[in-house]
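See below for the structure under consideration.
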Amino acid sequence: MFKKVLIANRGEIALRVIRACKELGVETVAVYSEADRESLHVRFADDDVCIGRAPSRDSYLNIPRLIAAAEITGADAIHPGYGFLAENAEFAEKVSASNIAFIGPSPDQIRQMGDKAAARKLAKEQGVPTVPGSPGPVASPEEGQQVAGEIGFPVIIKAAAGGGGKGMRVANDADQFGQSFTLAKQEALAAFNSDEVYIEKYLARPRHIEIQIMGDTHGKVMHLCERDCSVQRRHQKLVEEAPSPAVDQTLRQDIGDAAVKLAEAIGYVGAGTIEFLLDADGSFYFMEMNTRIQVEHPVTEMCTNFDLVKEQISVAAGAPLSLVMNGHRLRGHAIECRVNAEDPSRNFQPSPGLITAYHPPGGPGVRVDTHIYAGYTVPPYYDSLLAKVIVHGNTRTEALARMRQALDSFIIEGVTTTIPFLGRVMRHPDFVAGKVDTKFLEREPHLLKDQP
Ligand code: MV4
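Quick note on the working numbering: the sequence shown kicks off at 6 and runs consecutively.
Have a look at this one:
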């Protein structure tokens, strides 16, 4: 096992990783920017290093400083968390080249899945269902028109280096295609420094279903059920749950097997997520793979009774997947709501500032992953996630009642939060019925307003 782990991150995920390390008896190093001096991750870690000014490119994204911080403090491993450098192959490479273990997959695995067109090709070769579309990147608008003509409109043009929705354009007909193609290429070049794009048939109202997988260095890969993340706004997930109300045991086995097959094909090591689109007729299609621990991992932890972050660390240290994990069984239902310092009625405008009062919800089956406290100032430089409320119940109905109760008794004053909005989502008949898709919030704009 490692002796000392440096956490190359901040906020709630830094605290989450520190907790896992403490349980494993591993020492921890926090890194922080000048804006994060008062942060709890600094207080809870055994050692801490200031790595630069507030903007992330000067601190949490500065590779040489992170590696220097690990060397100075004698850390033998780095956990990247999510966001920042978590899926940066060059970072993973430089960490390893400095004789420090990267807690995550190999640089090659990160690269293979970072190229979304290549990942799609690999999925297809492995017999994992993909949406009908171009076999690889599409070079010219003429070639694109031909592919679109074959699969039929509407089509979606996606950036090969993309993911998470950037550089994506829908074309409804042949007339629109040329412009959409050009715009997708421009957006892709600006965002990812690569204008490579590929084309898929556009599904109108899919659900977002993702499979949690975990692989070890001994060639074993397993999956830990799906998460349903269909409630999103502009590709930001707002609510996640496990298991999905739209997935039965047969479908779960089929999607899970597909995910494991793809991960095995690249000898995947560590925690990963394979994203699928689920169509109304029950067909599922590979979308992309994320090679990191995700924000929404706690819903999987709650319904499998299994610690994914501890497993990430022990697998990175060379341990085989634990027996506990192999014996895991689904129990009950878990839901997560992301609480952000944002104003839903003002286009989710960020609301940084001083937290003047704070009281978290509690009770059976209620978990709050957060880094905030009364007197903490939410800095304007980073994402606006304040807390994740995760509930577990024996049934989805029980979990839903727990979530409503938890949100209603969550006090955060001083900044505007998404708590009242989340409460309305938890009471919406379509959400209660489990009948949501990725267009849910577009159809229900009144949910964004306090006075409906
Ligand atoms: C799609 C799609 C419909 N058809 N692909 C959005 C994020 C990126 N990873 C892929 N995305 C989509 N790909 C086909 N062929 C619809 C989306 C999409 C979406 C997917 C998951 C969750 C929310 C979404 C919101 C809008 C569009």
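Virtual Cβ for every residue (Gly too), placed ideally from N, Cα, C.
Pair within 8 Å by beta-carbon distance, residue i and residue j
i      : j      : result
His397 : Ala404 : yes
Lys163 : Lys121 : yes
Val437 : Cys342 : no
Val226 : Ala165 : no
Phe281 : Ile260 : yes
Ile161 : Tyr207 : yes
Ala25  : Asp200 : no
Gly105 : Ala75  : Gly is not the amino acid found at residue 105; the sequence shown has Ile there. Yes, Cβ-Cβ distance for Ile105 and Ala75 is below 8 Å.
Gly141 : Ile204 : no
Ala213 : Ser185 : One point to set straight first is that residue 213 is His, not Ala, in the sequence displayed. Going by C-beta atoms, His213 is not nearer than 8 Å to Ser185.
Phe197 : Gly167 : yes
Glu231 : Val304 : no
Residue nearest to residue i in terms of C-alpha spacing, selected from the options
i      : options                        : result
Gly109 : Ile77, Leu208, Val54, Met219   : Met219
Val10  : Pro69, His84, Asn67            : His84
Val441 : Glu418, Arg238, Gln117, Tyr87  : Arg238
Ile279 : Asp286, Glu269, Gly287         : Glu269
Gln131 : Thr78, Phe281, Arg48, Ala264   : Ala264
Tyr363 : Ile416, Gln317, Gly439         : Ile416
Asp178 : Thr187, Pro159, Gly169         : Pro159
Gln456 : Gln410, Pro355, Pro349, Val394 : Pro349
Gly428 : Arg125, Val136, Thr222, Ala411 : Ala411
Lys8   : Val371, Ala82, Ser61, His228   : Ala82
Tyr290 : Pro211, Asn67, Ile340, Arg24   : Pro211
Thr423 : Ser111, Pro450, Phe353, Ile156 : Phe353
Ser101 : Gly88, Phe89, Leu71            : Leu71
Lys459 : Gly224, Gln317, Pro248         : Given that the chain is displayed from residue 6 to residue 457, the structure contains no residue 459 and the question cannot be resolved.
Tyr37  : Ile56, Glu17, His302           : Ile56
Gly287 : Leu256, Tyr273, Gly370         : Leu256
Ser44  : Thr443, Asn331, His240, Ile377 : Ile377
Pro80  : Gly88, Phe107, Leu29           : Residue identity check: residue 80 is Ala in the sequence provided, not Pro. Minimum Cα distance to Ala80 is reached at Phe107.
Ile18  : His46, Ala40, Met408, Asp41    : His46
Asp284 : Glu301, His333, Ala209         : Ala209
Gly367 : Ala91, Thr78, Arg409           : Arg409
Rounded Cβ spacing between residue i and residue j (contact assumed at less than 8 Å)
i      : j      : result
Leu452 : Phe426 : 6 Å
Gly419 : Thr361 : 4 Å
Ala35  : Asp63  : Between Asp63 and Ala35 the Cβ distance is about 17 Å, and since that is not below 8 Å, they are no contact.
Ala195 : Ala176 : Not quite, the Cβ-Cβ distance comes to about 19 Å (not below 8 Å), so this is no contact.
Met6   : Met118 : Between Met118 and Met6 the Cβ distance is about 27 Å, and since that is not below 8 Å, they are no contact.
Gly337 : Thr400 : 7 Å
Thr421 : Val320 : Their Cβ separation, rounded to whole angstroms, is 40 Å, which puts Thr421 and Val320 out of contact at 8 Å.
Ala50  : Thr33  : 4 Å
Ala392 : Val373 : 6 Å
Leu29  : Ile395 : Rounded, the Cβ-Cβ distance is 22 Å, inconsistent with contact.
Val430 : Arg21  : Actually they do not touch by this definition, with Cβ atoms about 24 Å apart.
Going along the chain, which unbroken runs of the alpha helix (DSSP H) with 4 or more residues stay wholly within the segment 35-61?
-> With a minimum length of 4 residues, the continuous alpha helix (DSSP H) runs that stay inside the segment 35-61 are 45-49.
Tell me, please, whether the segment 378-391 touches the segment 302-310 by the rule of three or more beta-carbon pairs shorter than 8 Å.
-> Verdict: no, contact absent.
Pick out every residue whose C-beta is nearer than 5 Å to a heavy atom of the ligand ZN: which are they, in chain order?
-> No copy of the ligand ZN appears in this structure; the ligands present are the ligand MV4.
Residue ranges of each beta strand (DSSP E) within the segment 147-226, 3 or longer | Fully enclosed beta strand (DSSP E) runs of 3 or longer: 160-164, 174-176, 202-206, 212-220.
Pair every Cβ in the segment 84-95 with every Cβ in the segment 250-257, then say whether three or more of these pairs are closer than 8 Å.
-> No, the segment 84-95 is not in contact with the segment 250-257.
Which ranges would you report for the alpha helix (DSSP H) in the segment 297-348 if only whole runs of at least 4 residues count?
-> Note on the segment 297-348: whole alpha helix (DSSP H) runs with a minimum of 4 residues are 302-309, 313-321, 328-331, in chain order.
Ordered list of alpha helix (DSSP H) runs contained in the segment 396-452, each at least 4 residues = Those alpha helix (DSSP H) runs which fall completely within the segment 396-452 and span 4+ residues are 401-413, 424-432, 434-437, 445-448.
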